[in-house]
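Data block below; observations after.
Residue numbers (the numbering used here): 637 to 1037.
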């Protein structure tokens, strides 16, 4: 498996070097190269991106000063992306592979004990007017922060709300539709039925199916260049643009502690199953360099305490609770941006040992070529149960081809 991936990357590198000599090579940030069949029945754009991250952290206990310093260098993400159409423009596809250790971690018996290289592998069929059917593995229509690509974030990385509540990727079908009520008022509906255990599961569906329904309202029309799914107002919207959305996710007979994420809840005879429902309400606003994003999450479970057949707790519990994330920024004319974020996570105090987290983050970004080439840094202060505090400083360079 590893040898095949290395060989593939080597061939792509050699071919890319030869393509780069051509005068018709794509501009920076538009992919390594774009291919179109002679009969125009297919196309393929190939691109790569990487994030190099440096972190430093300290902890603080009540009245004590900062202690326990830690530093780290990390290839946070390294991705290979392919997309285009096959046979006709209405039949599109996307493949995205993760090559960094963080991208492929999580191999287990349920992924055939293999690294999880595949992030996205999805076919998108525009089968009738404004209806699209997606088939394969892709992001679910969950909270807006998760839908935004990790390469298009306003700050170094996503918030604690996302890490605690997001429903990430899964395997299955998605039906998407959009229409307008007037010349501007845009409405988008998205529905997904998926396996319910997350990406790259190969040994079958252990519980029931996961159903996700999202409704998006854009009263002032579409954002420029899909700006509602991108951090920062890089397009400097000339008129106010607003997205208000709600998502309801129901994972029937779920077997993981965070719906289709987290750890498996094992019992003395197999797996513990319970219905887990998650609600997201979020909004995005942009105007003339100003951006604001708000998210609320709420997770509930029919019975959050995993039990053996004799009724004794196994020690695993569903992470039920709520989260709030508020984030805003202003992009100056020189493409420097200052941003701030406040995140609060409140889990059930009876079930969880750490149930109240508050994080304050101040960010500074320099967009050299939009999101395709940027340097970002942020400073965060985290409070856990009002007793244990920590400070986190990060710098990240993001490069896309």
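Don't be surprised by glycine CBs; every beta carbon is placed ideally from N, CA and C.
- Beta-bridge analysis with DSSP links residue 1033 to 688, 1011.
- The region 913-992 contains, as complete beta strand (DSSP E) runs of 3+ residues, the segments 926-937, 941-943, 949-953, 957-967, 972-983 (chain order).
- When only Cα atoms are considered, residue 1021 and residue 898 end up about 21 Å apart.
- For residue 798, the enclosing alpha helix (DSSP H) begins and ends at 796-801.
- Here residue 764 carries a strand assignment [DSSP, helix/strand/coil].
- Ranked by Cα distance from residue 923, the options 857, 915, 788, 681 are led by 857.
- Here DSSP, grouped into helix, strand and coil, assigns residue 839 to coil.
- Relative to residue 804, the option among 972, 815, 814, 828 whose CA is nearest is 828.
- In the pairwise beta carbon analysis, the region 988-995 is classified as not touching the region 821-839: fewer than three pairs are separated by under 8 Å.
- Look at residue 788 here: in three-state DSSP terms it is helix.
- Assignment of beta-bridge partners to residue 759 by DSSP yields 729, 771.
- In the three-state reduction of the DSSP assignment, residue 723 falls in the coil class.
- Check the Cα spacing between residue 907 and each of 944, 1002, 934: the tightest is with 944.
- By the 16-neighbour rule on beta-carbons within 10 angstroms, residue 870 is buried.
- If you draw a 10 Å sphere on the C-beta of residue 671, you find fewer than 16 other C-beta atoms in it, and that means exposed.
- Going by DSSP, residue 752 is part of no beta strand (DSSP E) at all; its letter is neither H nor E.
- Of 794, 727, 748, the smallest CA-CA separation from residue 765 is found for 727.
- A straight-line Cα-Cα distance of about 19 Å links residue 777 and residue 793.
- Of the candidates 684, 770, 678, 684 places its Cα closest to the Cα of residue 664.
- The bridge partners DSSP lists for residue 715 are 685, 734.
- CA-CA distance, residue 782 to residue 903, rounds to 31 Å.
- For residue 825, the enclosing beta strand (DSSP E) has its first and last residue at 822-830.
- One alpha carbon belongs to residue 983, the other to residue 722, and they sit about 46 Å apart.
- Nearest C-alpha to residue 972 among 952, 959, 1011, 695: 1011.
- Nearest in C-alpha terms to residue 887, of all of 874, 835, 830, is 830.
- Residue 815 and residue 674 have their C-alpha atoms roughly 35 Å apart.
- Per DSSP, the beta-bridge partners of residue 1025 are 696, 1019.
- Residue 806 and residue 889 have their C-alpha atoms spaced approximately 16 Å apart.
- Residue pairing by DSSP puts residue 669 in a beta bridge opposite 682.
- Pairing residue 669 with residue 733, the inter-Cα distance amounts to about 17 Å.
- Residue pairing for residue 908: DSSP places it in no beta bridge.
- In the three-state DSSP reduction, residue 900 falls in the strand class (E or B).
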